[in-house]
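Enquirer: Submitted below is the structure of interest, expressed as structure tokens.
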Amino acid sequence: LVNLPLTVLWLKADVILRAMGQEGDVANQVLIYARLRLPGQYAAAVGCVLTKVLIAIGETRVLLVCNVLAALVTLALLAGLLLGLGMGLEGAAIAMSASDGLQALMLAAGAFVTPSCRRCWEGLTLECFRGWPAYLKLALPSLLMVCCEEWSWDAVTFLAGLTTTTTGGGAPVPQHRIL
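For the sequence shown, position 155 (counting from the first letter as 1) is numbered 548 according to our numbering, and the numbering increases by one without interruption.
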């Protein structure tokens with residue numbers, strides 16, 4: 394659900410950027426990156442949920458192993474696609490999407506092989522649909538908060554694309570501004 398507005402925004406990024414005054418070449422590059430990176434955003438959402446589940450059941454070792462392996466694979470993919478094949482922007486987007494997909498698969502495999510996770514979920518039954526009103530009363534405000542957080546980061550990234558080096562886009566950010 395969090396990714397649906399992001400999908401619409403990313404698929405129309407070039408039109409939106411041009412309407413806001415961004416150069417056509419930059420807008421086209423953003424669109425290329427966004428289209429290649431979009432599948433990884435959905436995989437990252439699955440990975441985020443699985444990460445929360447593993448933390449909640451105390452399986453942090455599985456999480457550590459999956460995250461370290463994913464980081465190593467990401468480095469290898471980036472090196473291979475950017476340095477080895479010289480794919481540039483497209484290679485970076487493909488590497489990051491592939492890495493997110495692989496991390497989600499590793500987290501799912503890690504979650505389903507741990508005994509504590511299997512004890513938590515014995516399979517899909519009709520009982521899972523009971524008590525939804527109380528659950529939604531808690532979940533919807535939390536969903537709204539997570540959506541706002543995700544969208545605010547995307548908005549900042551999107552707006553950063555409107556800056557140019559002549560308007561300060563290439564200027565370093567002082568450390569005290571970050572903190």
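Here a beta-carbon is modelled for each residue, glycine too, at the ideal position from N, C-alpha and C.
Roughly how many angstroms lie between the CA atoms of residue 428 and residue 403, to the nearest whole one?
Expert: The residue given as residue 428 occupies position 35 in the sequence shown. The residue given as residue 403 occupies position 10 in the sequence shown. Cα to Cα, residue 428 sits roughly 7 Å from residue 403.
Enquirer: Run through DSSP, which three-state label would residue 415 get?
Expert: Residue numbering aside, residue 415 sits at position 22 when the sequence shown is read from its first letter. Note: residue 415 maps to coil in three-state DSSP.
Enquirer: List the whole-angstrom C-beta distance separating residue 494 from residue 433, where the pair is believed to meet the contact cut-off of C-beta under 8 Å.
Expert: Stepping through the sequence shown from its first residue, residue 494 is reached at position 101. Stepping through the sequence shown from its first residue, residue 433 is reached at position 40. Contact flag correct, Cβ pair sits at about 6 Å.
Enquirer: Considering only the beta carbon of each residue, do residue 450 and residue 513 sit closer than 7 Å?
Expert: By 1-based counting over the sequence shown, the position of residue 450 is 57. By 1-based counting over the sequence shown, the position of residue 513 is 120. Yes, the pair counts as a contact, with Cβ atoms nearer than the cut-off.
Enquirer: Does the beta-carbon of residue 566 have 16 or more other beta-carbons within 10 angstroms, so that it is buried, or is it exposed?
Expert: Working through the sequence shown from its first residue, we reach residue 566 at position 173. Annotation note: pLDDT 48 at residue 566 (below 50); position unreliable, coordinate value reported separately. Residue 566 comes out exposed.
Enquirer: DSSP three-state label for residue 483, please.
Expert: Position 90 of the sequence shown holds residue 483. It is helical.
Enquirer: What residue range is occupied by the uninterrupted alpha helix (DSSP H) comprising residue 517?
Expert: Here residue 517 corresponds to residue number 124 of the sequence shown, with the count starting at 1. Note, residue 517: premise wrong, no alpha helix (DSSP H); not H, not E.
Enquirer: Nearest CA to the CA of residue 498: which residue from 405, 431, 437 and 526?
Expert: Here residue 498 refers to the residue found at position 105 of the sequence shown. Nearest of 405, 431, 437 and 526 to residue 498, Cα basis: 437.
Enquirer: Between residue 425 and residue 527, what straight-line distance do the alpha-carbon atoms span, to the nearest angstrom?
Expert: Position 32 of the sequence shown, counting from 1, holds the residue named residue 425. Position 134 of the sequence shown, counting from 1, holds the residue named residue 527. Those two C-alpha atoms are separated by around 42 Å.
Enquirer: According to DSSP, is residue 569 helix, strand or coil?
Expert: Taking the first residue of the sequence shown as position 1, residue 569 is located at position 176. Because residue 569 carries a pLDDT of 44, less than 50, the predicted location of this residue cannot be relied on, and the following value inherits that uncertainty. Correct three-state label for residue 569: helix.
Enquirer: Ends of the alpha helix (DSSP H) at residue 542?
Expert: Taking the sequence shown and counting its residues from 1, the one referred to as residue 542 is at position 149. In the DSSP assignment, residue 542 falls within the alpha helix (DSSP H) that extends over 525-553.
Enquirer: Is the beta carbon of residue 492 closer than 7 Å to that of residue 466?
Expert: Here residue 466 refers to the residue found at position 73 of the sequence shown. Here residue 492 refers to the residue found at position 99 of the sequence shown. Result yes, Cβ atoms of residue 466 and residue 492 sit closer than 7 Å.
Enquirer: Go ahead and pull the three-state DSSP assignment for residue 448.
Expert: Along the sequence shown, read from residue 1 onward, the residue named residue 448 stands at position 55. Note: residue 448 maps to helix in three-state DSSP.
Enquirer: Suppose contacts are defined by Cβ-Cβ distances below 7 Å. Is residue 488 in contact with residue 474 by that definition?
Expert: Start at 1 with the first residue of the sequence shown, and residue 488 comes out as number 95. Start at 1 with the first residue of the sequence shown, and residue 474 comes out as number 81. For residue 488 and residue 474, yes; Cβs fall inside 7 Å.
Enquirer: Considering only residues of the same chain and omitting the five flanking positions on each side of residue 568, which have a CB-CB separation below 8 Å?
Expert: Position 175 of the sequence shown, counted from the start, is the residue given in the question as residue 568. Unreliable placement is indicated for residue 568, whose pLDDT of 44 sits below 50; the coordinate value is still reported in the next sentence. None.
Enquirer: Could you name the residues of the same chain whose beta carbon sits closer than 7 Å to that of residue 398, not counting the 5 residues immediately before and after it, in chain order?
Expert: Within the sequence shown, the letter at position 5 stands for residue 398. Hits under 7 Å: 544.
Enquirer: If you run the structure through DSSP and keep just helix, strand and coil, what is residue 400?
Expert: For the purposes of this step, residue 400 is taken as the residue at position 7 of the sequence shown. Of the three classes helix, strand and coil, the one that applies to residue 400 here is helix, per DSSP.
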